[in-house]
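See structure below.
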Amino acid sequence: MNPYPAYRWLQTYAPVYHDPATRMWLLTGHADCSAALRSDAFSAAQGQQGRARDDALPPSMLTTDAPDHHRLRAPGGLLLGPEAIRSVADGIGHEVDALLDRSGGRAGELDAATGIGQPLATAVYARLFGLEDAERPRFEELARAVSVNLDPMAGPAAAAAGRAAMGELNRFLDAVAKRHAVTGFDCPLSRLAADDRLTRPEMLGILGLAVVGGWQPLAETVGNALYWLLPRPAAVEYLRRSDEQSARTAVDELLRLEAPIPFTARVTTREVELPGGRVPADARVLAVLAAANRDPAVFERPDELLLDRSPNPHLAFGGGPHFCLAALLVRQTGALLLPRLLRRFPAVAAYQERARWDDCVLPRRLAEYPLELGPRHSDARGRNTNDMEA
Ligand code: HEM
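Going by the working numbering, the letters in the sequence shown line up with residues 18 to 407, in that order.
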């Protein structure tokens, strides 16, 4: 399904729209979404509780407002802040190379999500959490199972299964943290677990949120990005030649066009006048980030892929106090994967006509996106673009 024409219609004619069917207020303009994300009149805590069903997100920074939010977010930096990401960046680079080695050895079709996105996301978390190789399959199984908690439309049976899986994930991560405490293993998770500003449930709540809110969006970003890149030879060539900095800029543009988290919920604590209209107190609000990301009032040629777009004030990572704590990690991972993949496999191609968007609204993901990697470039690590010109 392509939601963008409907978003554009709302943005043009009713940027602050009350939907009588769901009794929710939809914000589709960039200025409105941006203002809502930054205003203390829009409660994230109530927004998360007020979703379509009881959700199983553990108490965490996403389900709290100031001042509790700040208290939880500050130590969260030990897991996902710049220092934490620097400490795992080389490891993630090795994981990318190993994954491309394995994928390139397989003949035939490969699905973007199950073949690349999901194993990559698992490998990234393995580095953040200090998982042993033997623990990765169990972690991935749990991460997949708890991801249902991200989808507000999941039915009661799926939601109950998601809640049960959350308990399992908590126990799994608790055991990993205890092991690190005994062995002295150093990684972002062990640094977070050693921080005495948090209670144990709060620490596990941050880890749980990182998995529920991040594993699947990170995994799906790969397919969503390739979906835009592969049919555009000039974009492929640009990224193949990009250094890490321009690749990070390109990742932002790919996320702008196909935000894996297309909206987020809030509840107003008082009446608010937004640029696009008035929202009453106690209103359930959806800030439609994916619509804001293509607002022609902010983005020139909003439906086109311009990999060097700068500035790029997209809202794929949200904004304001709840701005995605892992934005750096996501950019870094994308910037490590995409250019290397395109260099290693110069003939990579997609069966674009078989691409199928999932019915699930959150995350926005391709249910099917088959790729053919083709022969490997002789440059084993894909780092030397000059070779390719020879
Ligand atoms: C492409 C992948 C991702 C996207 C598009 C994304 C997007 C977002 C968005 C839109 C929010 C704000 C939600 C709101 O305001 O209601 C958010 C918050 C958050 N994200 Fe991400 N995210 C991604 C990956 C990750 C990953 C991999 C992690 C962890 C490893 C993560 C951890 C978090 C956390 C902890 C928050 C809550 C921050 C707070 O409430 O202060 N995200 N993310």
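Note that beta-carbon positions come from the ideal geometry of N, C-alpha and C, so glycine has one too. The structure displayed is predicted, hence computed values, not measured ones.
| Out of curiosity, what's the CA-to-CA distance linking F362 and V33? | The count along the sequence shown starts at 1 and reaches residue 362 at position 345. The count along the sequence shown starts at 1 and reaches residue 33 at position 16. Their Cα atoms are separated by approximately 45 Å.
| query | Which value, in whole angstroms, describes the spacing of the CA atoms of T139 and G147? | reply | One-based indexing of the sequence shown puts residue 139 at position 122. One-based indexing of the sequence shown puts residue 147 at position 130. Here the alpha carbon of T139 sits roughly 11 Å from the alpha carbon of G147.
| Nearest CA to the CA of G351: which residue from Q262, A83 and P248? | In the sequence shown, counting from the first residue as 1, residue 351 sits at position 334. Taking only the C-alpha atoms, the option nearest G351 is Q262.
| query | Can you list, in chain order, the stretches of the alpha helix (DSSP H) that have 4 or more residues and sit fully within the stretch 126-152? | reply | Runs found: 135-146.
| message | Taking the beta strand (DSSP E) that R295 belongs to, which residues open and close that run? | response | Counting from 1 along the sequence shown, the entry for residue 295 is found at position 278. From DSSP, the beta strand (DSSP E) with R295 extends over G294 to V296.
| Range covered by the alpha helix (DSSP H) that runs through L167 | The sequence position of residue 167 within the sequence shown is 150, counting from 1. It is not in any alpha helix (DSSP H) - L167 carries neither H nor E in the DSSP assignment.
| query | For R90, is the beta carbon positioned less than 7 Å from some heavy atom of ligand 1? | reply | For the purposes of this step, residue 90 is taken as the residue at position 73 of the sequence shown. The answer is yes for R90.
| message | Output needed for H2: all residues of its chain with C-beta closer than 6 Å, excluding positions within five of it in sequence on either side, in chain order. | response | Here the chain comprises residues numbered 18 to 407, so residue 2 is not present and cannot be evaluated.
| message | Within 10 Å of its beta-carbon, does R144 have 16 or more other beta-carbons around it, so buried, or fewer, so exposed? | response | Numbered from its first residue, the sequence shown carries residue 144 at position 127. Of the residues assessed, R144 falls on the buried side of the cut-off, its CB having 16 or more other CB atoms within 10 angstroms.
| query | Going by DSSP, which residues form a beta bridge with F59? | reply | The residue you call residue 59 lines up with position 42 of the sequence shown. In DSSP, F59 forms a bridge with T285.
| By Cβ distance below 8 Å, which residues in the same chain neighbour A130 in space, the five residues on each side in sequence not counted? | As a position in the sequence shown, residue 130 is number 113, starting the count at 1. The answer, listed in chain order, is A236, E237, V239, G240, R382, L383 and Y386.
| task | Measure the beta-carbon distance from L358 to L54 and round it to whole angstroms, keeping in mind my assumption that it falls under 8 Å. | result | Within the sequence shown, the letter at position 341 stands for residue 358. Within the sequence shown, the letter at position 37 stands for residue 54. With 8 Å as the limit, L358 and L54 do not qualify as a contact, their Cβ atoms being about 32 Å apart.
| task | With hydrogens ignored, establish whether the beta-carbon of V199 is closer than 7 Å to any heavy atom of ligand 1. | result | As a first step, residue 199 must be located in the sequence shown, where it is residue number 182. Taking 7 Å as the cut-off, the C-beta of V199 does not count as close to any heavy atom of ligand 1.
| Can you name the residues that DSSP bridges to E290? | The sequence position of residue 290 within the sequence shown is 273, counting from 1. Looking at the DSSP assignment, E290 forms a beta bridge with R295.
| field | Short Cβ contact (8 Å threshold) for L186 with G225 | value | Numbered from 1 along the sequence shown, position 169 holds the residue referred to as residue 186. Numbered from 1 along the sequence shown, position 208 holds the residue referred to as residue 225. Yes, the Cβ-Cβ distance between L186 and G225 is below 8 Å.
| field | Cβ-heavy atom distance, I278 to ligand 1, below 7 Å | value | The residue labelled residue 278 in the question sits at position 261 within the sequence shown. Relative to the non-hydrogen atoms of ligand 1, the Cβ of I278 comes within a distance shorter than 7 Å of at least one.
| request: Less than 8 Å between the CB atoms is what I'm expecting for V141 and E112, so what's the real figure, rounded? | output: Your numbering for residue 141 matches position 124 in the sequence shown. Your numbering for residue 112 matches position 95 in the sequence shown. Contact holds; Cβ gap of about 7 Å.
| field | Bounding residues of the alpha helix (DSSP H) (the contiguous stretch that carries Y255) | value | The sequence position of residue 255 within the sequence shown is 238, counting from 1. First-last of the alpha helix (DSSP H) with Y255: P250 to R257.
| Would you call the stretch 290-305 and the stretch 241-250 touching, i.e. three or more CB-CB distances under 8 Å? | Because the criterion of three Cβ pairs below 8 Å is not met, the stretch 290-305 and the stretch 241-250 do not touch.
| message | From the DSSP secondary-structure annotation, give me the bridge partner or partners of L303. | response | Numbered from its first residue, the sequence shown carries residue 303 at position 286. According to DSSP, L303 bridges with L43 and A282.
| field | Proximal residues to A210 (C-beta, below 8 Å), its chain only, five neighbours per side dropped | value | For the purposes of this step, residue 210 is identified with residue 193 of the sequence shown, where counting begins at 1. For A210, where only same-chain residues beyond five positions count, the Cβ hits under 8 Å are A194, H197, A198 and M220.
| Limits of the unbroken beta strand (DSSP E) element including D203 | Locating residue 203 in the sequence shown gives position 186, counting from the first residue. Looking at the DSSP string, D203 is not in any beta strand (DSSP E), and its letter there is neither H nor E.
| said: Tell me whether T238, by its Cβ, gets closer than 7 Å to a heavy atom of ligand 1. | reply: Counted from its first residue, the sequence shown places residue 238 at position 221. Yes - ligand 1 has a heavy atom lying nearer than 7 Å to the Cβ of T238.
| Per DSSP, what kind of secondary structure is E321 in: helix, strand or coil? | The sequence position of residue 321 within the sequence shown is 304, counting from 1. Of the three classes helix, strand and coil, the one that applies to E321 here is coil, per DSSP.
| message | If you reduce the DSSP assignment to three classes, tell me which class P387 lands in. | response | By 1-based counting over the sequence shown, the position of residue 387 is 370. Collapsing the DSSP output to three states places P387 in a strand.
| Residue span of the alpha helix (DSSP H) that contains V229, given as start and end | Reading the sequence shown from its first residue, position 212 is the one you call residue 229. That run of the alpha helix (DSSP H) goes R217 to L246.
| task | Tell me whether R357 sits in a helix, a strand or coil according to DSSP, three-state version. | result | Here residue 357 corresponds to residue number 340 of the sequence shown, with the count starting at 1. DSSP places R357 within a helical segment (H, G or I) once states are collapsed to three.
| request: Figure out for me which residue from Y368, V165 and P136 has the closest Cα to the Cα of R155. | output: What you label residue 155 is simply residue 138 of the sequence shown in a count that begins at 1. Distances from the alpha-carbon of R155 to those of Y368, V165 and P136 put P136 closest.
| Is DSSP giving D36 helix, strand or coil here? | The residue given as residue 36 occupies position 19 in the sequence shown. Three-state result, D36: strand.
| said: Runs of 4 residues minimum, wholly inside the stretch 89-128: which ones carry the alpha helix (DSSP H) assignment? | reply: Entirely contained in the stretch 89-128, the alpha helix (DSSP H) runs reaching 4 residues are, in chain order, 99-121.
| query | Going by beta carbon distance, what residues of the same chain come within less than 8 Å of H87, once the five residues before and after it are set aside? | reply | Residue 87 sits at position 70 when you count from the first residue of the sequence shown. In its chain, beyond the 5 residues on either side, P338 have a beta carbon closer than 8 Å to the beta carbon of H87.
| request: Have a look at A300, L190 and P84 and flag the residue whose alpha-carbon is nearest the alpha-carbon of E152. | output: By 1-based counting over the sequence shown, the position of residue 152 is 135. A check of alpha carbon separations from E152 across A300, L190 and P84 identifies L190 as the nearest.
| task | In angstroms with no decimal places, state the Cα-to-Cα distance between T285 and P292. | result | Position 268 of the sequence shown, counted from the first residue, corresponds to residue 285. Position 275 of the sequence shown, counted from the first residue, corresponds to residue 292. Those two C-alpha atoms are separated by around 16 Å.
| query | Between A171, G94 and A61, which lies nearest to L346 when the distance is taken from Cα to Cα? | reply | Position 329 of the sequence shown, counting from 1, holds the residue named residue 346. L346 has its Cα closest to that of G94, out of A171, G94 and A61.
| task | Give me whichever residues DSSP pairs with W374 in a beta bridge. | result | By one-based count along the sequence shown, residue 374 stands at place 357. Under DSSP, the beta-bridge partners assigned to W374 are L383.
| query | Would the beta-carbon of P99 be found less than 7 Å away from any heavy atom of ligand 3? | reply | Among the ligands present in this structure, namely ligand 1, ligand 3 is not found.
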